[in-house]
Amino acid sequence: MHERNTISGAGWIGILALAVVLLAVPHLVSFSQQELLVFLTINVLLVVSYRLLTLTGEWSLAHVVMMGVGAYGSALYSKLFGFPVPLAMLAGAVTAGLIATVLSFPLFRMKGFYFLIGSFAAGEVIRLIWKRFTDPFGGPKGIQRIPGFPEIDLGFLRVDFYQPENYYYFVLAVVLVSLWVLYRIERSRIGLTFHAIHWQDKLSESVGIDTFGHRMLAFVVASFFAGVAGALYAHYLSTVNPNQFNVDTMVYVLIWTIVGGTSRWYGPILGVIALTIIDEVILRGIGADQWRPLLYGAILICAILFLPNGLESLVIRAGEALRGRSASAVTGAAGAEQE
Amino acid sequence: MTSASKISLNRRTLLCGAASAALMPVVGFPRASFAQEDVVKIGFLAPLTGPVAAWGKPGLDGCKIWADWMNEAGGIEIGGKPHRIEFASYDDEDDAGKARAGATQLIRESDVKFIMMLGGNSWPGVEEIAARQGMLVSTLLPSDLTPNTETLIAPCEVHPIYNVTGVDWLAANRPELKTAVICAQDDALGKPSVATYLAAFEAAGIEVLGDPLFFDPATTDFAPVMTQLLAKNPDILCLDTCYADYVHPLCEQAFQQGYKGQIISCTLDFYQRIVERTSKEFMEGVIFQFPDFDDKALNDPRINFRKPNDFYAEYVKRYGATEWSAVSWEYSSIMDLWADAAQRAGSVEPADVLKAMKEGGKGKHAFGEARWWGKDLFGLDNALVGDWPVVVIRDGKATIAEFRSIPDWWDKHGPLLIKHMTDLGQMWSQRT
């Protein structure tokens, strides 16, 4: 099938509108919501990278730990070895990719439910290593006073990345580039092969596709970008500890992904944005701090009952409705002309 | 005009109405307000949900009583003018990221003059913003203190150092007990507490059998943990500073596995539930460190906490006796200290209050006169330390057995505590 690569006029308007929103949003929200915006943008990268792995049909419980590998790696490279922070971030993400490469060998001997459990065990081993070895990982208290992203001082312009609005723009740039790379991977031959492995792995093998290699590739690339997310997180918050990357956090990633939907690249993004706004802005805003877990749970149940295909199904339905309306308008206009 | 009978409620109207109602407080209701200069806002940044909520929420409940009483009495007089106290709370879920967002909201949006935190996991997220804004912050966990945290104080609970008083009292009153085992969750709260108990047992001549047992915080089945501990046949079972979610099943397991010896623990939150699930006989003599405030011993003139018995009665009336926990009174006692310092300073500005608070190197701690201390252990003297109660369960009820002096113990055994803290990597200079 020939893939359409051109963007329509309406598409360009949509992209422009989105760009304006993304650039303007820090100036439209409160100070504390600016902080949330930074974490939300990082979490967008986390869930989209997770989706890349799920394309091969495997659901991992180690993805948040891979984020932690990036965070710990970047923190240690900058703090212990004196790497400049941008280089430490990259090195942290590469470390996450390398750890994923090593883990691939035992983990991809398993599939489905067994892979899920295996990935959980592998993640716990890494997390317990952080806890057990106070030197260099800081034990249960983790690593503190991690250097922040360096200031930019051009005399006439000073950018302090401790300020959330400045760090947001930096994170946004990194995340947009990462999303573009992940999107291109999915739309490439490799991405199609991931889909093929998901739906017909035996058939794929029979036509010469290296299923192990492709699964490993998806795991490594997803872990690399999770590592990027972790590095962005660590240098903003100045602290990492093993509890931040435990299974509870992983459950949130799963919820965001499932509620958003996984059949489109934007599904998990919708999930993480909608649920974060509900939990952190609306429920806190109405003063329901202590009721948040209960209300959040109720909203999740409703989402699963009424939107079993995720929030993305709303976008798909809206798109179909719009196309249907414009098609009927065209048909109607043509009919009128004939008369 | 539309008559009431003609109004129909379809699903769309209902959903729109519900969404609007939900969003109204976010968008903003018109609110009745007092003159800004007469209201002082205090931030409460602690876990209100999740596994550590037991050390946050009861404290906020106590603060509500404190504020109601204070405001009913006309507020705090600062600079010759009465001021109302309002609390602004934020649930940090014991997470540094949430704590950072919360601190930003409290400082930059709510304009609070002082923030009370549980500390621990959440403090690193707040450290830089507090330093940049010069915000006075209190923690219940002095292990957050370092030489750089000049605006962070531990004015109530010098956790875990006060645990030495329980062991000291036990050694003096039950000298026949010679061996102990220790277990704790493997986290930032468990480890310094284990170091303290190791030092206290060593100072008291009590042998600790084997290494302390650190279990993962994700543990839900405590039967194997208890089996392993009881296999050493100890005289004393030490539950360290375990969260309530661990202390309860650990006690139940000890009961079910037939343990008959002495139990000592830092906290015993909601102990009535443990008594119900085990027995009064089993719990008789259990030692911990946090009294119920209906205890008559708290009416002693040296106690600085205002009307402790009335406070407990009001707390029980509002929230129920089983909701009382170790922290129910602690944040309120910090507020007593803050209010006293603000009155003396004639200002609510954080730097002025801190200066007044530390004037003369002494302060009015809830349990009596205390001194600002901590340089040897935390790198600066920002912990207020004095006497601390030893609490014993008698006939199913927590009772203060005695107040013991932490500084006296420290003067005799300080190097021992530093040795065990160093062995477990808990000295401020060892924290990465």
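Chains A and B supply the protein sequences, listed in that same order.
Quick note on numbering: the first sequence equals residues 706 to 1044 in this note's numbering.
Quick note on numbering: the second sequence equals residues 4 to 435 in this note's numbering.
Virtual Cβ for every residue (Gly too), placed ideally from N, Cα, C.
Could you tell me which chain E residues have their CB closer than 7 Å to the CB of residue i, listed as they occur along the chain?
i      : result
B/A104 : Any reference to chain E falls outside this structure, whose protein chains are A and B.
Taking Cβ positions only, does residue i come closer than 9 Å to chain A?
i      : result
B/L12  : Reliability fails at B/L12, whose pLDDT of 46 lies under 50, so the model's placement of it is uncertain and the value that follows must be treated cautiously. Taking Cβ atoms only, chain A never reaches closer than 9 Å to B/L12, which makes this a no.
B/A191 : yes
B/E131 : yes
B/Q136 : no
B/Q1   : It is not possible to answer for residue 1 of chain B, since the shown part of chain B is limited to 4 through 435.
B/E287 : no
B/N124 : yes
B/G100 : yes
B/D243 : no
B/A25  : Because the pLDDT at B/A25 is just 48, under 50, the model does not fix this residue reliably, and the point stays unresolved.
B/L216 : no
B/R434 : yes
B/Q108 : yes
B/E333 : no
B/G377 : no
B/Y318 : no
B/G428 : yes
With residue i as the anchor, note down where its beta strand (DSSP E) starts and where it stops.
i      : result
B/I185 : 182 to 188
B/L240 : 239 to 241
B/L216 : 216 to 218
A/I963 : Looking at the DSSP string, A/I963 is not in any beta strand (DSSP E); the run it does join, the alpha helix (DSSP H), is 952 to 965.
A/E856 : Taken as a continuous stretch (DSSP letters only), A/E856 belongs to no beta strand (DSSP E), as it is neither H nor E.
B/Q265 : 265 to 267
B/I79  : 79 to 81
For residue i, would you say it is in contact with chain B, using Cβ-to-Cβ distances shorter than 9 Å as the test?
i       : result
A/F744  : yes
A/R997  : yes
A/K907  : no
A/N948  : yes
A/V952  : yes
A/D994  : yes
A/P845  : yes
A/E1017 : no
A/R989  : yes
A/R850  : yes
What does DSSP give as the partner residues of residue i in its beta bridges?
i      : result
B/I421 : Paired residue(s): none; B/I421 is not in a bridge.
B/Y93  : B/L48
B/A345 : Per DSSP, none; premise fails for B/A345.
B/F117 : B/I45
B/I88  : B/V43
B/T402 : B/V395
B/K365 : B/R374
B/E210 : B/T182
Look at the alpha carbon of residue i and the alpha carbon of residue j, and state the distance between them as a whole number of angstroms.
i       : j       : result
A/F838  : A/I848  : 12 Å
B/L63   : A/D984  : 21 Å
A/E957  : B/G53   : A small fix is needed here, since residue 957 of chain A is Tyr in this sequence, not Glu. Taking the straight line from one Cα to the other gives about 14 Å.
A/G1024 : A/E1017 : 11 Å
B/R111  : A/S735  : 9 Å
B/E160  : B/T149  : 16 Å
B/K415  : B/N74   : 44 Å
A/S824  : B/D411  : 52 Å
B/A386  : B/P145  : 7 Å
B/D189  : B/G137  : 33 Å
A/A780  : A/A936  : 7 Å
A/V864  : A/I978  : 27 Å
B/V30   : A/L988  : Because B/V30 carries a pLDDT of 42, less than 50, the predicted location of this residue cannot be relied on, and the following value inherits that uncertainty. Roughly 13 Å separates the two Cα atoms.
B/A247  : B/C269  : 11 Å
B/M2    : B/S282  : Only positions 4 to 435 of chain B appear in this structure, which leaves residue 2 of chain B out of reach.
Output the boundary residues of the alpha helix (DSSP H) element that contains residue i.
i      : result
B/W391 : Per DSSP, B/W391 belongs to no alpha helix (DSSP H); it is in the beta strand (DSSP E), 390 to 397.
A/R832 : 817 to 837
A/I895 : 894 to 904
A/Q738 : 736 to 759
A/E985 : It is not in any alpha helix (DSSP H) - A/E985 carries neither H nor E in the DSSP assignment.
B/T325 : Unbroken run through B/T325: none, as it is neither H nor E.
A/H940 : 916 to 942
**Item:** Cβ-based contacts, 9 Å cut-off: residues of the stretch 820 to 843 of chain A near chain B
**Value:** E829, L833, K836, R837, T839, D840, P841, F842, G843
Where the stretch 772 to 804 of chain A meets chain B: residues whose CB sits under 8 Å from a CB there: K784
What are the residues of the stretch 927 to 944 of chain A that lie near chain B, defined by any Cβ-Cβ distance shorter than 9 Å? Residues of the stretch 927 to 944 of chain A with a C-beta atom less than 9 Å from some C-beta of chain B are Y938, Y941, L942, S943, T944, listed in chain order.
| query | Using a beta-carbon distance cut-off of less than 8 Å, what residues from the stretch 864 to 877 of chain A approach chain B? | reply | Y867, P869
Item to complete: Check distances from the C-beta atoms of the stretch 204 to 238 of chain B to those of chain A and list, in chain order, the residues that come in under 8 Å.
Response: D219, P220, A221
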